[in-house]
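Colleague:
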Ligand SMILES: Cc1cc2nc3c(=O)[nH]c(=O)nc-3n(C[C@H](O)[C@H](O)[C@H](O)COP(=O)(O)OP(=O)(O)OC[C@H]3O[C@@H](n4cnc5c(N)ncnc54)[C@H](O)[C@@H]3O)c2cc1C
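In full-length UniProt numbering, the protein residues as written are 1 to 492.
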């Protein structure tokens, strides 16, 4: 098929009937549901970009195997140039969504591409698993599909492993083998955008213990597979709030959901790993499933931080407070944070390595440093926005007030900013800022930056241990030589 258009993506959604639960009711058609409609259109725009002459050659390429045009997220990077081709799609998609949608189609397509290229890992355990992941990659690529993923167990009792939970199938596990496939039962979280995707892939962060064999699983299935229930959180917007009053929340709501598998049959050709604790623990670090998408997350995070920084700067400028040193100090800090992330990303790309399997891998240390810094830098940008916007963030009238002639004079007079900033411009800007720093929508964006790829504290612990292993303390050794010399001299 080659790259899809937005209309083809929407047609695909309309042709399926996933079991989606929202506000206690079953959604019969996701496209007709106001909560999902605008986010669907935002994703559709990304598909359309693949056909837009402005972007087409930057974000897609001709697949050597099929001769069809495919998205660069499906490119196995073998060189710096390939990494740059991938960066182009990450950047184009992130800019189109201001970095506010984390799970755009490129994210998981990169994960599966990396698993495909590292099929040797699956082959070590089971040849069928390797064949399955290879075929699945080709299926995704050739049909240009959109995936969600759920790789965390539900948050029940974190002090116990999967097989120690109260119920054997609280965490998603295998029930039995049948000729048609593996029957699975239990729950997995936190599948962002699940209702409006085509497929779901399941795998896990490392952490399985002996006894967890039935939970050691990886597979992918269509999102409307019978028995798969998608339970959505409360929406941050209900699809009826106006674009003027909520310019971001009304567009970029990324629904999150718990997935419940009620004896779902996973066809054998969709099983990538099963009943093997060692393989399940190694899948994430050994197949590039963490490091390759960290490139996408780094680019997206940069754009999101840039956006938040620009909003804070414009807020300050609009009310004339950026003449004050305290405000300049805060904004200067945000600009330096932004430039640090930009620099780290460039280092990650320039210091790429080629793995023994021929894959170009952006550098681990700068990527993980981005991962560690953004959960501090992004909340700080939001805090600065709140400090600068102050009470003004809470006094904006609504779009309806602007339309009422009786209020016209008051609105034109009392909501203006510094000279040259009209009431309309100032209020529009403050509403944009409030979506980011006040609304529930903005709080989710903060929580996303902290947790989107695991607990940042444990991630930093893993990083430290790796850093220690990779980083010889040469300078200290050099300095200690002097002490050794002194010791030797004293001994003479
Ligand atoms: C907005 C958002 C979107 C997300 N999207 C997705 C998605 O699309 N797909 C997906 O699979 N996941 C997604 N995630 C889930 C994400 O992977 C998890 O939130 C993350 O891995 C942390 O797990 P948890 O939320 O269960 O927290 P927990 O692991 O339960 O941690 C809770 C607290 O307890 C502490 N803690 C827990 N266990 C330990 C331990 N063993 N040692 C030390 N401290 C511990 C943590 O430090 C933390 O403070 C998303 C999360 C968010 C917030």
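Glycine residues also receive a C-beta, built at the ideal position from the N, C-alpha and C atoms. A quick note: this is a predicted structure, and the numbers were derived from the prediction, not measured.
#1: Is it the case that the segment 167 to 183 contacts the segment 83 to 103, given that we only count it when at least three CB pairs across the two stretches are under 8 Å?
#2: Report the three-state DSSP secondary structure of residue 319 (helix, strand or coil).
#3: Going by other Cβ atoms of all chains shown within 10 Å of its Cβ, with 16 needed for buried, is residue 141 buried or exposed?
#4: Below 8 Å on the Cβ atoms is my contact criterion, and I expect residue 46 with residue 252 to pass it. Report the Cβ-Cβ distance as a whole number of Å.
#5: Taking the Cβ atom as the reference point for each residue, do residue 153 and residue 171 lie within a distance shorter than 7 Å?
#6: Going by the DSSP bridge assignment, what does residue 232 pair with across the sheet?
#7: Quick one: grab the DSSP three-state call for residue 238.
#8: Reducing DSSP to helix, strand and coil, say where residue 365 ends up.
#9: Does ligand 1 have a heavy atom nearer than 6 Å to the CB of residue 192?
#10: Span of the beta strand (DSSP E) holding residue 249?
#11: By how many angstroms is the C-alpha of residue 272 removed from the C-alpha of residue 132?
#12: Span of the beta strand (DSSP E) holding residue 25?
#13: For ligand 1, is there a heavy atom less than 6 Å away from the beta-carbon of residue 447?
#14: Can you give, in chain order, each stretch of the alpha helix (DSSP H) that sits fully within the segment 46 to 74 and has at least 4 residues?
#15: Ends of the alpha helix (DSSP H) at residue 452?
#16: For residue 193, which option in 258, 138, 183 has the closest C-alpha, if you only look at C-alpha atoms?
#17: Rank 348, 444, 475, 484 by C-alpha distance to the C-alpha of residue 190 and give the top, closest one.
#18: Measure the beta-carbon distance from residue 292 to residue 114 and round it to whole angstroms, keeping in mind my assumption that it falls under 8 Å.
#19: Which same chain residues end up closer than 7 Å to residue 354 when comparing Cβ atoms and leaving out the 5 residues on each side of it in sequence?
#20: Just how far apart, CA to CA, sit residue 461 and residue 470?
#21: Per DSSP, which residues does residue 188 bridge with? Please list them.
#22: Should residue 457 be listed as close to ligand 1, given that the test is whether its C-beta is under 6 Å from any heavy atom?
#23: Does DSSP put residue 311 in a helix, a strand or coil?
#24: So, at 7 Å on beta carbons, what are the nonlocal neighbours of residue 13 in its own chain, with the 5 sequence-adjacent residues on each side left out?
#25: Measuring from the CB of residue 230, is there a heavy atom of ligand 1 at a distance below 6 Å?
#26: Residue 123 CB to nearest chain C CB: under 7 Å?
#27: Do you know whose CA, among 473, 128, 145, lies nearest residue 267's CA?
#28: Near residue 311, what residues of its chain come up, given a Cβ to Cβ distance below 7 Å and the 5 sequence neighbours on each side ignored?
#29: Give me the residue from 473, 159, 6, 19 with the minimum Cα distance to residue 227.
#30: Between 151, 123, 116, which has its C-alpha nearest residue 138's C-alpha?
#31: How many angstroms separate the CA atom of residue 43 from the CA atom of residue 6?
Modeller: By the coordinates alone:
#1: The way I'd put it, the segment 83 to 103 doesn't touch the segment 167 to 183; fewer than three beta-carbon pairs between them come closer than 8 Å.
#2: If DSSP states are grouped into helix, strand and coil, residue 319 belongs with coil.
#3: Classification for residue 141: buried.
#4: Going by Cβ atoms, the distance from residue 46 to residue 252 rounds to 12 Å, so no, they are not a contact pair.
#5: Yes, the Cβ-Cβ distance between residue 153 and residue 171 is below 7 Å.
#6: According to DSSP, which records beta bridges pairwise, residue 232 is partnered with 257.
#7: In the three-state DSSP reduction, residue 238 falls in the coil class, being neither helix nor strand.
#8: It is helical.
#9: Checking the Cβ of residue 192 against ligand 1 gives yes.
#10: Looking at the DSSP string, residue 249 is not in any beta strand (DSSP E), and its letter there is neither H nor E.
#11: Near 6 Å, if we compare the C-alpha coordinates of residue 272 and residue 132.
#12: Where residue 25 is concerned, the enclosing beta strand (DSSP E) stretches over 25 to 27.
#13: Yes - ligand 1 has a heavy atom lying nearer than 6 Å to the Cβ of residue 447.
#14: Within the segment 46 to 74, the complete alpha helix (DSSP H) segments at least 4 residues long are 56 to 59, listed from N- to C-terminus.
#15: Premise fails: residue 452 is in no alpha helix (DSSP H) and is neither H nor E.
#16: For residue 193, the closest alpha carbon among the candidates 258, 138, 183 is that of 258.
#17: The residue with the shortest Cα to Cα distance from residue 190 is 444.
#18: Contact between residue 292 and residue 114 holds: their C-beta atoms lie close to 4 Å from each other, under 8 Å.
#19: Taking C-beta separations shorter than 7 Å and ignoring five residues to either side along the sequence, the partners of residue 354 in its chain run 360, following chain order.
#20: So the two alpha carbons sit approximately 14 Å from each other.
#21: Residue pairing by DSSP places residue 188 opposite 259 in a beta bridge.
#22: Remark: the C-beta of residue 457 is in contact range of ligand 1, defined as less than 6 Å to any heavy atom.
#23: Here residue 311 sits in helix by DSSP.
#24: When the five nearest sequence neighbours on each side are left out, the beta carbons in the same chain lying within less than 7 Å of the beta carbon of residue 13 are those of 30, 31, 40, 196, in order along the chain.
#25: The answer is no for residue 230.
#26: Within the model displayed, chain C is absent; a lone protein chain is all it includes.
#27: Cα-wise, what sits closest to residue 267 is 128.
#28: For residue 311, where only same-chain residues beyond five positions count, the Cβ hits under 7 Å are 385, 432, 433, 436.
#29: The candidate whose alpha carbon is nearest that of residue 227 is 19.
#30: That would be 116, whose Cα lies nearest to the Cα of residue 138.
#31: When rounded, the distance between both Cα atoms is 7 Å.
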